[in-house]
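Below you'll find the structure, written out as structure tokens, and then a few comments.
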Amino acid sequence: MATQHFTLHHDGVTIPVSRGGRGRPLVLCPGLNATRAGLRELTRLLRRHHDVVTFDLRGHGLASAASRYSFAAFLGDLGAVMAELGRFGVTGAPLLAGYSMGADLAVHFAAGHPGAVRGLVLVDGANPVPEPFLTEADLPILRAMWADLAARQRAEPDRARRVSLTAEEILAVNAEIDAVRAGILGRYERIGVPVHLVMSTSMAGDSGEEPAPRFNRNWRAGVERLVRACPRVTVSWLDAGHDLVLTHAPEIARIVRAAG
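One gets my numbering by counting positions in the sequence shown from 1 and adding 204 to each.
Spelled out as structure tokens, the structure:
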């Protein structure tokens, strides 16, 4: 199937949507600071065995900027795409895959829309970590990291990879994500379809310097907590960092294919 392109107008923003591939339907939801262009290799591999719909969240890639960026607003973007799947030619409940914050969005959507998806594949996100990542002690490091990231993304020459959010907006959304993950176990308990996680062993990198080791321990502890609470949730660990969608795209595509 040749790639098809659609435009969705929703909540004052314009969301670009692409559909291509063959096989059972799959919706791929990017995360914070991730774009369709950045996930191009994974999307290409997924399209060998799935009819893939993907899109840019507000303020990301070719989507328009917005007056507000929040978890609820991003969840609305995903919901708007899911509501229009029929218009895009997709029939039947899709497999819903999400990366990073996109995984959290996928869990919240599935919990609130029984029967709308046939399964979830969550890539390095939606983790009920026991400790928040945003603490007063670590805030200066994270603020500097996101300031550098925001500057690079806003200056990206390829508009399809550009992200419009400022460092403060990224910080605010990450604070929301911490709060969302504090209560996400309850969302998992409302999901009646298969759920598979694909998680990185070194989410915060493998430098060995704090706070990376502490962040990585927190990441693993969150997954262990989830599996204890929801034994039907399955997990694959990849020896990778949080950029695993770039460094381990073939492995992720194989896991998604096995999931359906």
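C-beta: ideal position from N, C-alpha, C; glycine also.
It should be emphasised that the depicted structure is a prediction, and the values quoted were computed from it without experimental measurement.
Please classify residue i: is it buried, with 16 or more other beta-carbons within 10 angstroms of its beta-carbon, or exposed?
| i | result |
| --- | --- |
| Trp423 | buried |
| Asp352 | exposed |
| Glu393 | exposed |
| Ala269 | exposed |
| Asp443 | exposed |
| Trp350 | buried |
| Arg356 | exposed |
| Pro344 | exposed |
| Pro334 | exposed |
| Gly412 | exposed |
| Gly426 | buried |
| Gly242 | buried |
To the nearest whole angstrom, what separates the beta carbons of residue i and residue j, a pair I think is in contact under 8 Å?
| i | j | result |
| --- | --- | --- |
| Met205 | Arg226 | 6 Å |
| Gly302 | Gly329 | 6 Å |
| Asp281 | Arg262 | 6 Å |
| Ala284 | His214 | 4 Å |
| Leu249 | Pro435 | With a Cβ gap of about 30 Å, Leu249 and Pro435 do not count as contacting. |
| Ala310 | His400 | Actually they are not in contact, since the Cβ atoms of Ala310 and His400 sit about 11 Å apart, beyond 8 Å. |
| Val384 | Asp308 | 6 Å |
| Gly265 | Thr239 | 3 Å |
| Ala297 | Arg322 | 4 Å |
| Phe337 | Phe275 | No, Phe337 and Phe275 are not in contact; Cβ-Cβ is about 15 Å, not under 8 Å. |
Name the one or two DSSP bridge partners that residue i has.
| i | result |
| --- | --- |
| Ile191 | Residue 191 lies beyond the residue range present for the chain, which begins at 205 and ends at 464; the question has no answer from this structure. |
| Thr239 | None, per the DSSP bridge assignment. |
| Ser440 | Val402 |
| Ala276 | Its beta-bridge partners do not exist; DSSP assigns none. |
| Phe259 | Val221 |
| Cys434 | Per DSSP, none; premise fails for Cys434. |
| Leu289 | Looking at the DSSP assignment, Leu289 forms no beta bridge with any residue, so it has no partner. |
| Gly464 | According to DSSP, Gly464 bridges with nothing at all. |
| Tyr303 | Val327 |
Say whether the segment 345-364 touches the segment 443-454, bearing in mind that this needs 3 or more beta-carbon pairs closer than 8 Å, one atom from each stretch. no
Within 8 Å, do at least three Cβ pairs link the segment 398-409 to the segment 364-384? no
Which full runs of the beta strand (DSSP E) of 3+ residues lie inside the segment 329-370, going along the chain? none
Counting Cβ pairs, one atom from each stretch, are 3 or more of them under 8 Å apart for the segment 304-315 and the segment 234-250? yes
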